[in-house]
Structures are given as structure tokens and as C-alpha cells.
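Residue numbers (my numbering): 134 to 426.
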């Protein structure tokens with residue numbers, strides 16, 4: 134016991150010596166002098182003084198925080214909702230104009246113009262056809278044979294194939310269509326002509342133009358599309374010329390273009406005397422209406 138007392142007395146005696154060396158500290162309700170407060174504690178005392186509410190001003194009438202709470206509580210629900218919407222989703226008037234409500238009824242009140250979508254037509258089938266070009270000389274010398282030669286060559290052409298009749302005298306007339314669509318006048322020979330003009334060379338040039346025109350692409354009507362894959366050139370007359378705009382050499386060149394395409398060619402002369410004229414141009418088949426031995 135004595136040892137314990139000696140130890141305790143030594144401890145308390147050391148504390149008393151320390152207190153004697155420092156300034157005396159009295160526990161009172163007065164404020165602690167600023168000189169004693171450490172720099173780190175000074176900040177805490179300032180924050181305590183700034184946030185401390187004086188007891189004489191802590192009333193409902195003078196408390197600003199309490200007033201604000203009362204104002205917020207007494208606001209209408211609409212104003213609160215509108216304020217909340219503005220805070221969460223701020224939208225200006227310009228944005229409302231630029232981004233209207235897609236499902237609003239105002240969008241359907243406006244008159245709208247709708248353009249009709251074009252329906253893609255059904256692709257028509259392509260039918261291969263043959264084109265027969267008849268070179269018909271219309272002169273007074275040809276009158277006795279014209280009807281017979283023309284009718285004979287027209288009958289050979291199928292009614293569903295294309296037929297081209299090139300009538301030539303001083304001028305050239307051309308008609309191209311499906312044989313079944315020709316009328317009777319277009320298929321008849323001109324028996325009233327008294328003209329002796331022959332534009333045979335120009336007719337050969339026109340025949341080559343028809344071949345080039347119908348050998349490229351297709352011909353279309355309301356039902357089908359037609360492709361001319363076969364040609365034939367048939368001449369009838371004297372195979373001579375006296376009023377063409379092109380020369381004999383030019384006519385030979387135009388007809389050679391037809392022959393180089395492998396097109397079948399025939400010529401029917403009104404007399405065997407004119408067969409040599411047809412042979413000069415290179416017709417592959419030559420015939421005559423009369424023969425003299």
C-alpha cells in the first residue's frame with residue numbers, strides 16, 4: 134500500500150510542478166483569451182460563432198430559414214410542379230417550336246399533301262420477230278407486173294411479223310408495221326402512175342437505215358416487246374436508177390453493209406434483161422417474170 138501511494142504521489146507531484154511553471158488556468162464561464170487559443174482552434178471558434186444563433190433572435194418571426202420553409206409549404210402544387218419540370222427538363226420556347234410533340238392533336242389538324250407512289254409496271258415479255266423489207270418500183274413500165282409481184286411477196290410474210298414497204302419513183306415513201314396492221318390501200322400496188330422516175334439507189338440507202346434502226350433495241354406496244362432478230366430485203370422492178378441523190382458507187386457501199394450483216398436478199402425483175410443490174414449490186418437470189426430463149 135505504501136508503495137502504491139508513493140507512486141501516485143509522485144505522479145500528481147509532477148503534474149503540479151508542470152502547472153506551477155505554466156500560467157494558472159481557472160475554470161470559469163468567461164471566454165478563453167484569444168492568446169491562449171491555438172491557430173488551428175481559431176478557425177473552429179469562428180465557424181461556431183458564425184453559425185451560432187443568438188437565443189434572443191431565435192423566434193418564428195425573425196428566423197429567415199423558418200420563413201422560407203413556410204413559403205415553400207404554402208406554394209400551390211401547379212407552381213411547384215412547373216418549377217420542378219423546369220429544373221429537371223429545361224425547355225425554352227425555341228426548343229418547343231423546333232421539337233413539337235409527335236403525338237399531339239395539333240399535328241393532325243394541319244393539311245398535308247401526299248404524293249402518290251408510282252407503281253412499277255410489269256415487265257413485258259420479249260418476242261422475236263422477222264422484218265421483211267420490200268423495195269417496190271412504181272413506174273409506168275412496172276404497172277403490168279406491180280400487182281402480181283407485190284401480192285406474191287406480201288403473202289409470204291407472216292401476219293405477226295414486221296413488214297416494211299419502200300415505194301420509190303421520183304420520191305420515196307416508207308411504211309413499217311406488223312403485217313396484220315396494214316390496211317388494204319397500203320398493200321395495193323399503184324396502178325395509176327405515169328411516172329418513169331426511178332430512185333433505186335436512194336431506196337437501197339433507206340433500206341440500210343431501216344435495218345440499223347430495228348436491229349438495235351426493242352419495239353414495244355401495249356402487250357409485248359418485240360426484238361427484230363431476222364431481216365430480209367426483197368426488190369422488184371428493173372434494178373435501174375435515173376433520179377437518185379446518191380451515186381452508183383455510194384449505193385454499192387450501202388448495199389454491201391446489208392450483205393455484210395448476213396441478211397438474205399432477193400430481187401424479182403420484170404424482164405430477164407434487167408437481171409444483170411441486180412447482179413451488179415450483189416443480190417443473192419435473182420428472178421425474172423419473163424424469159425426469152
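By construction, the Cβ of each residue, glycine as well, lies at the ideal position given by its N, Cα and C atoms.
Measure from the alpha carbon of residue i to the alpha carbon of each residue in the options, then state which is nearest.
| i | options | result |
| --- | --- | --- |
| residue 86 | 345, 200 and 421 | The requested residue 86 does not occur in the structure, where the chain is confined to residues 134 to 426. |
| residue 307 | 205, 365, 281 and 266 | 266 |
| residue 337 | 408, 416, 197 and 200 | 416 |
| residue 413 | 395, 379 and 372 | 372 |
| residue 332 | 379, 352, 318 and 409 | 379 |
| residue 387 | 341, 301, 303 and 268 | 341 |
| residue 327 | 302, 288 and 281 | 302 |
| residue 334 | 350, 288, 352 and 389 | 389 |
At the level of alpha carbons, what is the spacing between residue i and residue j?
| i | j | result |
| --- | --- | --- |
| residue 411 | residue 344 | 20 Å |
| residue 339 | residue 423 | 28 Å |
| residue 256 | residue 348 | 21 Å |
| residue 286 | residue 397 | 14 Å |
| residue 329 | residue 273 | 6 Å |
| residue 290 | residue 283 | 11 Å |
| residue 270 | residue 320 | 14 Å |
| residue 391 | residue 248 | 50 Å |
| residue 322 | residue 403 | 15 Å |
| residue 324 | residue 279 | 8 Å |
| residue 381 | residue 277 | 27 Å |
| residue 376 | residue 317 | 29 Å |
| residue 395 | residue 363 | 10 Å |
| residue 355 | residue 281 | 35 Å |
| residue 304 | residue 370 | 15 Å |
| residue 366 | residue 399 | 6 Å |
| residue 401 | residue 253 | 49 Å |
| residue 258 | residue 383 | 39 Å |
| residue 288 | residue 419 | 19 Å |
| residue 315 | residue 275 | 23 Å |
| residue 374 | residue 250 | 58 Å |
For residue i, which residues in the same chain have their Cβ closer than 7 Å to its Cβ, ignoring the five residues on either side in sequence?
| i | result |
| --- | --- |
| residue 309 | 295, 297 and 343 |
| residue 385 | 414 |
I'd like to know whether the C-beta of residue i is nearer than 8 Å to at least one C-beta of chain D.
| i | result |
| --- | --- |
| residue 357 | Reference to chain D is not applicable here, since this structure consists of a single protein chain. |
By Cβ distance below 8 Å, which residues in the same chain neighbour residue i in space, the five residues on each side in sequence not counted?
| i | result |
| --- | --- |
| residue 427 | Not covered by the structure: residue 427. The range shown for the chain is 134 to 426. |
| residue 260 | 357, 358, 359 and 360 |
| residue 353 | 257 and 359 |
For residue i, I'd like the list of residues in its chain whose CB is within less than 6 Å of its CB, leaving aside the five on either flank, ordered along the chain.
| i | result |
| --- | --- |
| residue 229 | Unreliable positioning characterises residue 229 in this predicted model, as indicated by a pLDDT of 49, which lies under 50. The coordinate reading is nonetheless provided below. Cβ neighbours of residue 229 beyond the five flanking positions: none. |
| residue 409 | none |
| residue 268 | 299, 336 and 368 |
Any heavy atom of the ligand SAH closer than 7 Å to the Cβ of residue i?
| i | result |
| --- | --- |
| residue 386 | Ligands displayed in this structure: none; no statement on the ligand SAH is therefore possible. |
(request) Taking only runs that begin and end inside the stretch 375–403, name each unbroken alpha helix (DSSP H) of 4 or more residues, in chain order. (result) Listed in chain order, the complete alpha helix (DSSP H) runs (minimum 4 residues) inside the stretch 375–403 are 381–393.
(message) Threshold first: 3 residues or longer. Then list the beta strand (DSSP E) segments lying entirely within the stretch 262–287, N to C.
(response) Every candidate beta strand (DSSP E) stretch fails here, since none sits fully inside the stretch 262–287 while reaching 3 residues.
(request) Report the residue ranges of all beta strand (DSSP E) runs contained in full by the stretch 321–374; include only those spanning at least 3 residues, in chain order. (result) Inside the stretch 321–374, DSSP marks whole beta strand (DSSP E) runs of 3 or more residues at positions 358–370, from first to last along the chain.
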